[in-house]
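I have placed the structure first, in the form of structure tokens, so that the comments after it can refer back to it.
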Amino acid sequence: MMFCVYGPFLSRRIGLSLGIDLLAQNKIKKRCVYDCIYCEIGETPSIGYSSIDKRIKLEKEFIQYLEKRLSDVLKKEKNLDSITIGYSGEPTLIENLGEVINKIKPIRGKYCPNTPISIFTNSSTILDNKVCEALDKVDNIITKLDTADQNLFQLVNRPHRSVPHISKLIDGLKNYKKYYTNNNLYIQTMLINGKYSNTSSESLKKLASAYDLIKPDLIQMYSISRSPAMRSLVKNVYSPQLKELKNLVIEFLENEDLIEKIRIY
1094 MMFCVYGPFL SRRIGLSLGI DLLAQNKIKK RCVYDCIYCE IGETPSIGYS
1144 SIDKRIKLEK EFIQYLEKRL SDVLKKEKNL DSITIGYSGE PTLIENLGEV
1194 INKIKPIRGK YCPNTPISIF TNSSTILDNK VCEALDKVDN IITKLDTADQ
1244 NLFQLVNRPH RSVPHISKLI DGLKNYKKYY TNNNLYIQTM LINGKYSNTS
1294 SESLKKLASA YDLIKPDLIQ MYSISRSPAM RSLVKNVYSP QLKELKNLVI
1344 EFLENEDLIE KIRIY
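The numbering used here numbers the first residue of the sequence shown as 1094 and each following residue consecutively.
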């Protein structure tokens, strides 16, 4: 439990961030419905490779510990760019996520009221209304969309068989953005070279169409910065190529308002 709050650390995409790992109380290193070939915390162990329907309820004792730990840290660290939920797996697998966020918000309000609460999600549970209601409680939802092609989705993200088709997840993100308006929806796209690259013109054209459909508040395109789970399959996309890929996506976009919302890291 001691690592449920950690940092702050400097993130290239969200600035000075204080991390909250709601899965830290679990003895499993990582619990996720994906097993992405590029994951920087390693492969998903078989015991942690989860169905989207298999939820974990955080115990009262853990939530109380989290509240105390967060209060202790925020008393000292007030100049943060984000309080960020995520890290060792998929946080929307937490059954009582909304309850936990409701506990975090007043602590944030007391010590650093202008700091946004953000959450990382791989988008796999975005069709679940209860999950959407929980996500609606934070300021920034940082969602994952590496490809709009189902075959590439299977090869790169390696989703559990319970995960819906990528087209349904894209529709789910579109509907979230349309009907839940209390926060910002960001899309993060990991671009990789290697055996299963998602940097082809065809792949980027499909991604651009998905961006047009979803209408996110920000699109973050980036590549690996640490050792990936499957090093033999994944190669980095360096800055000059990232700029080229960004320009290619811009060419494919129909919604010109999205152009200024694309960032590369």
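Using N, Cα and C, we set each Cβ at its ideal position, and we do this for glycine too.
Query, Result
"Reduced DSSP category for Val1098 - H, G, I as helix; E, B as strand; rest coil", "strand"
"contact_flag[the stretch 1112-1130, the stretch 1302-1310] where n(CB pairs < 8 Å) is 3 or more", "no"
"Glu1226 versus Lys1147 - alpha carbon distance", "18 Å"
"Among Leu1190, Pro1138, Cys1129, nearest to Lys1150 - alpha-carbon criterion", "Leu1190"
"Top-ranked residue by Cα proximity to Gln1281, from Lys1288, Thr1240, Ser1255", "Thr1240"
"Residue from Ser1332, Ile1200, Gly1287, Gly1141 whose Cα sits closest to the Cα of Leu1245", "Gly1287"
"Rounded Cβ spacing between Phe1127 and Pro1252 (contact assumed at less than 8 Å)", "Phe is not the amino acid found at residue 1127; the sequence shown has Tyr there. The pair is a contact, with the Cβ atoms about 5 Å apart (cut-off 8 Å)."
"Cutoff 6 Å; reference Asn1277; Cβ partners in own chain excluding five residues on either side", "Asn1233, Asp1310"
"Within 7 Å, strictly: CB atoms of Leu1346 and Ala1301", "yes"
"Cβ-based neighbour list, Pro1057, same chain, cut-off 8 Å, excluding 5 preceding and 5 following", "Given that the chain is displayed from residue 1094 to residue 1358, the structure contains no residue 1057 and the question cannot be resolved."
"Residue of Tyr1279, Glu1192, Asn1207 minimising C-alpha distance to Lys1171", "Asn1207"
"Closest by C-alpha distance to Glu1045, when choosing among Ile1194, Ile1352, Asp1174", "In the structure displayed, the chain extends from 1094 to 1358; residue 1045 sits before or after that span and is not available."
"Candidates Gln1247, Asn1268, Ile1200, Val1249, of which the one nearest Met1221 by Cα", "In the sequence as displayed, the identity of residue 1221 is Asp instead of Met. For the residues Gln1247, Asn1268, Ile1200, Val1249, the minimum Cα distance to Asp1221 belongs to Asn1268."
"Neighbourhood of Ile1140 by C-beta distance below 7 Å, restricted to the same chain and skipping five residues each side", "Ile1121"
"Leu1111 - containing beta strand (DSSP E), residue span", "1108-1113"
"Which residues DSSP lists as bridging Asn1286, in chain order", "Lys1328"
"Start and end residues, alpha helix (DSSP H) containing Lys1237", "Not the alpha helix (DSSP H): Lys1237 falls in the beta strand (DSSP E), residues 1233-1237."
"Contact set for Pro1209: own chain, Cβ-Cβ below 6 Å, skip 5 residues either direction", "Ser1175, Asp1232, Asn1233"
"With 16 other Cβ atoms within 10 Å as the buried cut-off, status of Met1094", "Low confidence applies to Met1094: its pLDDT is 49, below 50, so where it sits in the model is not reliable, and the reading given next is rough at best. By the 10 Å Cβ count, Met1094 comes out exposed."
"For Arg1356: DSSP bridge partner residues", "Gln1313"
"Pair within 7 Å by beta-carbon distance, Tyr1358 and Arg1124", "no"
"Rounded straight-line distance, which links the Cα of Pro1101 to that of Cys1205", "14 Å"
"Buried or exposed (CB count within 10 angstroms, at least 16 for buried), Gly1202", "exposed"
"Which of helix, strand or coil DSSP assigns to Thr1208", "coil"
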